[in-house]
Structure formats: C-alpha cells, structure tokens
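All you need for my numbering is the position in the sequence shown, starting with 1, plus 4.
Notes follow once the structure below has been shown.
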Amino acid sequence: MHLARKRQQAGAAASFTAKSLAEYRDKNYLCGKFELNIMIVSGTEENFLGIEEAELYAYENARFVIQSAPYEHTSSYLEGSKHGPAAIINASHYVEFYDEELDQETLRIAPVATLKPIDFGNKVDADAIALIEEETGKLLDDGKFVVSFGAEHTVTYGFVKAFARKFDQLTVLQIDAHSDLRESYHNNPYSHASVMARVKDMGINLCQAGIRAQCIEEAEEIKRNPKIHTYYAHQIRNNSNWIREIVDDMTENVYITIDADGFDPSIMPAVGTAEPNGLFWNETLDLLRETCKHRNVVGFDIVECAPMEGTILSEYTLAKLAYRIMGYITAFSK
Ligand SMILES: [Mn+2]
C-alpha cells in the first residue's frame, strides 16, 4: 500500500508520534484564529497526498490549502462529478512526493493542508455560489494559496468572485473543451455551461485553451469581445507559437481553471462531456509552466472529473497535475 510506503519513507525524519497524530484527528485539528475562523483539516487518510507528518499538513503551516466543492446541480450529459474531488484526493495518495521534473519534494517547501469538503446542504445556484465565495475568501484573507477541486464547472464562478475581490488585473485562464459562454442553459444562468459568461459579466480578462465545442452565439461573442482570447484546439495544432501568444494575452495576476474535459479523452476518459481532439499531458504542462514563469498565478481549480468504474487514469492524472502546478508555483512564482 502506498500509504504504508509513505510511512516508511517518512519514518526516520518524522518528528511527530502516533499519539500526536491521533490527537490531531480527535480534535479535527482546529487551528489558526480558531475563534473567528475554524478550519477543519483532514487527516492522513483523507488529505491530499496522504501526508502523515502533521507539520506538513497543518493549516497554520500550509502555503497551499486544498478545498473541495462537491456541488452538482446542472449536469447536462453524464452525471457523477460530485464524486470527482474525493476521487482526485484518493488518487493523490499514489502520487510521489518527489517531483522528477522539478527535482524537489514540493510539499516540504510548501506544506499542503486539506480541508473537509464544503457542505452545501440544500443550497443551489446563487446561494451555492455565495457560500463558495465566502469560504474561499476566508482562506485568501488568511494568506493561503487556494487549490480547489470542483464537481461541475459552476463552482468556478464562486472561486473567481473571491479572487477578484482580492486581486486586480485578474485573468482567468480556462483549459476546457467548451467555451461555457452561453448566457444561460436550460434557463439557468448558474449552469456549468454558462460559468464563463458569468466571469465575462464581471469584466475579467479571459484566456481559453483547447476549446472545441460551442454554439454559434458563443463563437460570435468571442469574435466581438476583446477581453476573450480563445485558442481553439484545431488552431493550436497549427501554431507552434500559441503558448507565447496566450501568455501575452494574460494580465499580471492569473487564476487557472481546468475542466478535465479539456484533455483528450484518451488520457482523460472520466468526464461527463467528452470531446475528441483534446490537449495532451506535455502540451498542457508547457502552457502551465510558461504561465507560472511569466505571470503571477494566484490560484487554480480542477473540475468536472466524473469517476468511472474500472479506471483510475483520470483522477490520478488530475492529482499529479495539481501537485505539478503547486510545484511550478513554488519553483517559479515571483
Ligand atoms: Mn467542459
């Protein structure tokens, strides 16, 4: 088992005892300014990477905080994205601490705390977005770098609202098969298919990569709106300079949202709305690396993974992706 292996690796260096770990779990590790702001951190079995050393997953030490938003209300094709965040976290227990590209153990440079998932109760649409904005805002006010795992893409509107309050000159970089610019979908402006229309309404600069499914109204909006920069999948294969061009289209602060279906379905089968001709691993990392090198990446999310029976390829790839981006931010951020 991977966790057992991690325990062996960590054994010599670890300064905490089994007792102190149990203590953390019993108390659900209330920490920080806990009278005002109670952050409940998941223990080893439920945290990102399966980290055992409490000082490496404690909220107060963490640079990165993993937030899960298992909200699924408007799925239009295959359902199941509400299970995505937990599946990615579970798969992360099989990701190596050592990043072979960056030659570092990112979590030792920048500890990673994992919060209990946001509890939406009966909240949907505007109320759900408000809850996400509030929860994200608390973490940003604490100076944390927030990494969010979402279910349907709608949740990104809540994340972006919180980031836009904190950071000016914000660009949203969206990796996705779909432009998500429909004014509303099934009469719901809070549909996953309309999430970038809501971001556009905020006047935020938007860069889109890998787009290959949309309606004609979305295409017309993209042509008309100078704040939307769309790099279609069919175009980037014929433009060796596309990464430089899209980074040039970004303002100083960048929030990244990654819809799992932006990837090619051959490497990312567990999505609700698969489209052919998607992005592959290397070209996606090239884009993300260049973005982290040349812009100030302030946060990111990964959404729309709907786990499938019989394969863990998708959630494992997304877990490794999340850790790699954290590595880029640790290694390159200005
Ligand atoms: Mn999509």
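Don't be surprised by glycine CBs; every beta carbon is placed ideally from N, CA and C.
All values derive from a computational prediction rather than experimental measurement.
Is it the case that the Cβ atoms of residue i and residue j are separated by a distance below 8 Å?
| i | j | result |
| --- | --- | --- |
| I260 | A213 | no |
| M200 | A168 | no |
| Q71 | E139 | yes |
| V151 | M312 | no |
| C309 | V275 | yes |
| K165 | E137 | yes |
How many angstroms separate the CA atom of residue i from the CA atom of residue j?
| i | j | result |
| --- | --- | --- |
| S80 | L291 | 29 Å |
| E50 | K297 | 31 Å |
| V258 | E249 | 15 Å |
| F163 | R241 | 31 Å |
| G282 | V307 | 16 Å |
| T255 | D305 | 18 Å |
| S337 | T48 | 28 Å |
| I55 | Y61 | 7 Å |
| E294 | A326 | 16 Å |
| T78 | H196 | 7 Å |
| A90 | N209 | 31 Å |
| L135 | N300 | 26 Å |
| G141 | K204 | 20 Å |
| N243 | T334 | 29 Å |
| M69 | N192 | Position check: residue 69 holds Val in this sequence, whereas Met was assumed. So the two alpha carbons sit approximately 31 Å from each other. |
Around the C-beta of residue i, are 16 or more other C-beta atoms found within 10 angstroms, so that it is buried, or is it exposed?
| i | result |
| --- | --- |
| D107 | exposed |
| H190 | exposed |
| G314 | exposed |
| F284 | exposed |
| R228 | exposed |
| S183 | buried |
| L82 | exposed |
| P230 | exposed |
| N286 | exposed |
Excluding the 5 residues flanking residue i on each side, which residues of the same chain have their C-beta closer than 6 Å to its C-beta?
| i | result |
| --- | --- |
| L185 | M200, A201, E222, E225 |
| N65 | E59, P115 |
| E109 | F101, Y102 |
| Y75 | F124, A132, A155, V159 |
| M272 | A264, S318 |
| R67 | A114, F149 |
| E237 | In the sequence as displayed, the identity of residue 237 is Ala instead of Glu. Counting only Cβ-Cβ distances below 6 Å, and skipping sequence neighbours, we find G214, R216, N281. |
| D129 | Y194 |
| Y161 | I133, V199, R202 |
| I232 | L210, I226 |
Got a sec? Which residues, its chain only, sit under 7 Å from residue i by beta carbon, not counting five neighbours each side?
| i | result |
| --- | --- |
| A278 | D265, P269 |
| Y320 | A95, Y98 |
Using a Cβ-Cβ cut-off of 8 Å (strictly less than) and excluding sequence neighbours within five positions of residue i, which residues of its own chain qualify?
| i | result |
| --- | --- |
| V302 | F149, F167, K170, F171, L174, N257, V258, Y259 |
| L25 | The pLDDT assigned to L25 is 38, lower than 50, so where the model puts this residue is not dependable; a value taken from the coordinates is nonetheless given after this. Excluding residues within five positions, the ones whose Cβ falls inside 8 Å are G47, T48, E56, A58. |
- Item | Ordered list of beta strand (DSSP E) runs contained in the region 122 to 187, each at least 3 residues | Counting whole runs of 3 or more residues, the region 122 to 187 contains the beta strand (DSSP E) stretches 149 to 154, 174 to 179.
- What runs of the alpha helix (DSSP H), each 4 residues or longer, lie entirely inside the region 210 to 256? 220 to 228, 237 to 240, 246 to 252
- Note down, one range per segment and in chain order, each alpha helix (DSSP H) of at least 4 residues found wholly within the region 53 to 126. 58 to 61, 88 to 96, 110 to 113
- Query: Taking only runs of the beta strand (DSSP E) that begin and end inside the region 265 to 321, which ones reach a length of at least 3 residues, in chain order?
  - Reply: 300 to 307
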